[in-house]
Every structure is written in C-alpha cells, then in structure tokens.
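Residue numbers (my numbering): 8 to 451. Here a beta-carbon is modelled for each residue, glycine too, at the ideal position from N, C-alpha and C.
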Amino acid sequence: MFRFDKRTVPDIRTVLPGPKAKGLLERDQRFMSPSYTRIYPLVVERGSGAVIEDVDGNLFLDFTAGIAVTSTGHCHPEVVAAIQDQAAKLLHMSGTDFYYEPQIALAQKLAEMSPGPSKKRIFFTNSGAEALEAALKLSRWHTHRSRVIAFFGAFHGRTYGAMSLSGSKLVHRRGFSPLVPDIHHVAYPQNAECGKPNAECRIEGCPTVREIETTLFKRVAPPEEVAAIFIEPIQGESGYRVCPPGCLPALRELCDKHGILLVVDEVQSGMGRTGKLFAVEHWGVEPDIICSAKGIASGMPLGAIIARDRVMDWPPGSHASTFGGNPVSCRAALATLNLLEREYMKNAAERGVQLQAGLRRLQEKHACLHDVRGIGLMTAIDVVKDKTSLAPDLKKRDEIVQAAFHRGLLLLGCGENGIRFCPPLCITAGQVETGLGILSKATT
Ligand code: PLP
Numbered sequence: 008m009f010r011f012d013k014r015t016v017p018d019i020r021t022v023l024p025g026p027k028a029k030g031l032l033e034r035d036q037r038f039m040s041p042s043y044t045r046i047y048p049l050v051v052e053r054g055s056g057a058v059i060e061d062v063d064g065n066l067f068l069d070f071t072a073g074i075a076v077t078s079t080g081h082c083h084p085e086v087v088a089a090i091q092d093q094a095a096k097l098l099h100m101s102g103t104d105f106y107y108e109p110q111i112a113l114a115q116k117l118a119e120m121s122p123g124p125s126k127k128r129i130f131f132t133n134s135g136a137e138a139l140e141a142a143l144k145l146s147r148w149h150t151h152r153s154r155v156i157a158f159f160g161a162f163h164g165r166t167y168g169a170m171s172l173s174g175s176k177l178v179h180r181r182g183f184s185p186l187v188p189d190i191h192h193v194a195y196p197q198n199a200e201c202g203k204p205n206a207e208c209r210i211e212g213c214p215t216v217r218e219i220e221t222t223l224f225k226r227v228a229p230p231e232e233v234a235a236i237f238i239e240p241i242q243g244e245s246g247y248r249v250c251p252p253g254c255l256p257a258l259r260e261l262c263d264k265h266g267i268l269l270v271v272d273e274v275q276s277g278m279g280r281t282g283k284l285f286a287v288e289h290w291g292v293e294p295d296i297i298c299s300a301k302g303i304a305s306g307m308p309l310g311a312i313i314a315r316d317r318v319m320d321w322p323p324g325s326h327a328s329t330f331g332g333n334p335v336s337c338r339a340a341l342a343t344l345n346l347l348e349r350e351y352m353k354n355a356a357e358r359g360v361q362l363q364a365g366l367r368r369l370q371e372k373h374a375c376l377h378d379v380r381g382i383g384l385m386t387a388i389d390v391v392k393d394k395t396s397l398a399p400d401l402k403k404r405d406e407i408v409q410a411a412f413h414r415g416l417l418l419l420g421c422g423e424n425g426i427r428f429c430p431p432l433c434i435t436a437g438q439v440e441t442g443l444g445i446l447s448k449a450t451t
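Shown next as structure tokens:
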C-alpha cells in the first residue's frame with residue numbers, strides 16, 4: 008500500500024510540469040480529444056487518501072477528489088480489497104440478463120439507506136449522465152407525460168437528455184442541436200428572493216413555485232403535461248448554490264398537487280458529501296427519483312437511479328445497460344457505503360464546518376474573497392474585484408487556482424468566479440488547515 012508517511016504533503020520537488028509530465032502532455036496533446044478542459048498540467052501517477060503523487064514524484068493535497076468522486080479517498084484499502092476480491096471471482100455477466108449477488112446486495116443497501124418511508128427500487132448505470140437519462144425516460148414512462156421542468160444553472164451531463172436538461176453554459180449546447188424537446192427552464196431558487204423567512208417558506212410563499220404556476224403553467228406548459236421537475240439540491244457546476252430551506256418542500260407540494268415527479272440530481276451532492284447520504288435529506292423531502300453517480304463507488308464507474316417502488320414500473324426490455332452495475336463497481340460501492348456509514352459521513356459534516364470557518368477567516372483577511380457557501384465538503388467561495396462592487400473576478404480566480412497548484416494544493420473552479428472545495432470525505436483536520444494555509448498564500 009502506497010503511503011506518504013515519510014514525506015510531508017504537499018511536497019513539490021520539480022518545476023511544474025516536471026520532465027515526465029511534460030513528455031506525457033505532449034503525447035496527450037497529439038492523441039486526445041481537444042474537448043477536455045484541463046486547467047493545470049497535473050499528470051497523476053497514484054493516490055492515497057487525500058494525497059496525489061504525480062509522475063515526477065511531487066505530492067499534492069487533493070481538494071478535488073477527482074471532481075467529487077473518490078469519496079472514501081484515493082485507493083482506500085477496503086475499497087481496493089473489495090475490487091481485488093471481486094475481480095478474481097467475476098468481472099462481468101451483465102445484470103440485464105443474469106443475476107449476481109453484489110448487484111442485488113447494493114440495490115438493497117441503497118434502497119434501505121435512501122430517504123423517506125416509501126419502498127425503493129434501483130436501476131444501475133455507468134455514469135451520472137446515464138442516470139439522468141434513465142430518470143428522464145422513467146419520468147415520461149410512468150406519468151405518460153412529455154414535459155419536464157429544469158433550472159438555469161443546472162448541469163446534468165453531456166448525453167442528449169442530460170444536455171437538454173442542463174442550463175449552465177452555451178459551450179455545452181452550441182452546435183449540438185436539435186436537443187430533446189419539451190424541457191422548460193426556470194430560474195434556480197435563491198435565498199434573497201424568498202419573501203418569507205426560509206423555514207416558513209412553503210408552497211404559497213415560494214417565488215420559484217409562483218413563477219412556475221403563474222408563468223410556465225399558464226403560458227407554455229400545462230401542468231397535466233409535465234412529467235417531472237429535475238433539480239440539484241445544491242447546484243454543482245454553476246457554483247455550489249444551495250437551494251433555500253423552504254424551496255424543496257414547496258416543490259414537493261407543487262409536484263403532489265399536479266401529479267408531477269420530483270427528481271433530484273445528487274450526482275455531485277450525494278454519497279455523504281454534505282454529511283448525509285443525500286443532500287436532499289437536509290430539506291426533509293422524499294423525492295420520487297434520486298440520481299446518483301460520482302462518489303458512489305469511490306472512483307469505479309457506477310451510477311444509479313433510486314426510485315419509489317410505485318414509480319419504477321417500466322416493463323422488461325424498456326431500459327437496460329450492458330455494463331451498468333457491473334459486479335466490481337458494485338463491490339466497490341458496498342465498501343464505500345460501509346465506510347460512509349462507519350465514519351466518513353460524520354467526518355464530512357465536521358470537516359465541512361471546519362473548512363467553512365477557515366474560509367470565513369480568509370474572507371475577512373482577503374478583499375477578493377466573498378460568500379462562503381455550501382454544506383459539508385461541498386463548499387465554495389467566490390473571487391471578486393472588491394467587497395463593495397462584488398464584481399466577479401474570473402482572472403484572479405484562475406490565478407489563485409494556478410498558484411495553489413504550484414504550491415501543491417489541487418483546487419477546481421465552479422460557476423463564473425467560484426472556487427470549489429470537494430475533497431475526499433476522509434480528509435483530516437490537519438489537511439484542511441494545510442489547504443487553508445496554502446489558499447491564503449495563493450490569494451496574496
Ligand atoms: N449531474 C451533476 C450534478 C454533475 O455534477 C455531473 C457531472 O459533473 C453529472 C450529472 C454528469 O455526470 P457524468 O460526468 O458522470 O456523466
């Protein structure tokens with residue numbers, strides 16, 4: 008097992024990129040699709056916990072978890088052991104046509120751990136986008152309705168259904184039309200817009216519900232034609248925007264009133280990242296369908312939709328996936344869920360409080376940092392020109408992320424001018440403090 012105990016982390020020993028990384032970057036440049044969005048030249052060799060070693064032996068502290076994926080840390084020994092054990096027994100048999108125990112065990116575990124009293128059923132995919140596709144198809148199938156409501160700022164993935172649900176950036180859509188029809192976007196709920204104190208905000212006081220009822224339902228989308236509302240409880244790519252406290256209960260009421268399904272995209276916010284298995288639990292709402300992926304199997308490709316039993320009523324052959332829920336990924340997910348239950352969900356909540364307190368201290372110290380937000384280890388801060396205008400400073404944000412990289416801290420942007428903090432959920436208190444220290448230096 009790879010450990011870093013004889014070296015302190017971070018430990019940058021070469022100019023970045025180092026010589027080996029440079030060689031690989033040249034080959035990447037020649038052979039890889041230009042559509043990827045790499046922001047700094049990190050070429051990874053291996054990882055352990057919240058530490059990444061690059062091909063030149065430099066050690067980085069990872070506050071990205073491979074974009075919120077390695078939930079239990081890089082190569083957690085229990086996850087690796089489960090993968091190795093399963094790989095020696097059975098790699099594939101296709102859960103679409105045959106049965107195997109790891110898939111059944113994982114479906115049962117997810118059903119039992121998911122929020123709300125209703126019985127649940129699971130459909131397995133390989134990715135987040137595929138989970139959104141499955142949720143879109145199931146919503147239309149179950150309701151016999153075509154229309155769907157989604158939100159500006161949402162990011163749901165890159166396949167046609169998921170892309171059509173997204174309302175984040177033009178670069179995701181430009182040149183790819185025609186998209187899936189009958190998807191209507193509305194503004195993502197914002198705290199400041201809520202007329203009442205958040206805790207009281209329910210269907211009658213919710214500006215988002217009002218907008219849907221008075222504009223969308225009256226002008227373009229009859230409610231009896233709407234199959235589902237798709238929402239991220241915390242918008243990911245567009246800046247870790249947290250849905251106000253009353254809004255998800257209000258949307259739940261709206262859905263119940265019109266026979267619409269409430270679908271939550273927990274691809275980024277789920278799997279313990281906010282201190283609960285699914286972020287929606289913070290709102291006390293039971294959705295009809297939950298979309299999961301990213302952190303579910305600590306880095307192995309897996310996604311899932313978790314639907315109420317009465318909703319997942321499609322017939323054999325209507326939806327399936329050769330690889331979705333393969334035995335190795337399912338075993339990795341079972342090990343992941345055990346670790347989350349045992350220690351990492353609690354750690355995510357505690358480290359999140361510590362991280363946000365630290366960021367608030369940095370916000371007081373640095374004129375360009377503003378608006379610490381998020382829940383648990385799904386936390387972000389904005390980079391602004393100054394505290395009066397609060398004008399977004401994209402250039403400075405990118406400079407901070409680059410400067411942090413050169414000091415050995417891996418960060419990612421989000422939204423227009425945000426920096427996101429989504430480290431592995433095993434991150435220690437000491438690593439959080441180290442990260443905050445580097446961020447402070449990278450900001451000055
Ligand atoms: N939904 C959300 C909220 C996401 O953040 C992402 C990916 O970033 C996706 C869906 C798409 O997941 P994938 O890249 O696995 O298809």
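Spatial distance of residue i from residue j (CA atoms)
| i | j | result |
| --- | --- | --- |
| G383 | I434 | 12 Å |
| M170 | V187 | 9 Å |
| G359 | S78 | 14 Å |
| F158 | L268 | 15 Å |
| T450 | Q242 | 25 Å |
| R427 | G64 | 26 Å |
| A235 | A387 | 29 Å |
| R20 | K29 | 15 Å |
| D378 | D69 | 22 Å |
| P204 | K372 | The predicted position of P204 is uncertain, since its pLDDT is 49 and thus under 50; no value can be drawn from it. |
| L309 | A300 | 6 Å |
| F38 | A118 | 42 Å |
| T395 | H99 | 58 Å |
| R315 | P17 | 45 Å |
| I111 | P334 | 10 Å |
| A304 | C250 | 26 Å |
| F11 | A356 | 25 Å |
| T71 | L417 | 6 Å |
| N311 | V318 | In the sequence on display, residue 311 carries Ala and not Asn. For A311 and V318, the distance between alpha carbons rounds to 15 Å. |
heavy atom of the ligand PLP below 7 Å from residue i C-beta
| i | result |
| --- | --- |
| S3 | An answer regarding residue 3 cannot be provided, because it is not within the stretch 8 to 451 covered by the chain. |
| D272 | yes |
| R165 | yes |
| A136 | yes |
| K29 | no |
| F162 | yes |
| K301 | yes |
| L139 | yes |
| I129 | no |
| Q361 | no |
| I74 | yes |
| G243 | yes |
| E371 | no |
| E406 | no |
| E218 | no |
| Q110 | no |
| Q275 | yes |
Which residues DSSP lists as bridging residue i, in chain order
| i | result |
| --- | --- |
| F237 | V270 |
| D393 | DSSP lists no partner for D393. |
| F428 | T386 |
| V51 | D61 |
| F224 | BP columns for F224 are empty, so no partner. |
| H1 | Given that the chain is displayed from residue 8 to residue 451, the structure contains no residue 1 and the question cannot be resolved. |
| G243 | G243 pairs with nothing; no bridge assigned. |
| D18 | L66 |
| R248 | Q242 |
| F130 | I312 |
| C421 | G425 |
| P399 | V391 |
| L416 | L68 |
Any non-hydrogen atom of the ligand NAD closer than 7 Å to residue i Cβ
| i | result |
| --- | --- |
| K176 | Of the ligands one can find in the structure shown, namely the ligand PLP, none is the ligand NAD. |
Handout entry: Residue ranges of each alpha helix (DSSP H) within the stretch 281–348, 4 or longer
Key = 334–346
Practice task
List in chain order: all unbroken alpha helix (DSSP H) runs of 4+ residues lying wholly within the stretch 57–121.
Solution key: 72–75, 84–96, 108–120
Problem - Start-end ranges of the alpha helix (DSSP H) lying completely within the stretch 132–216, minimum 4 residues - result: 135–150, 167–172
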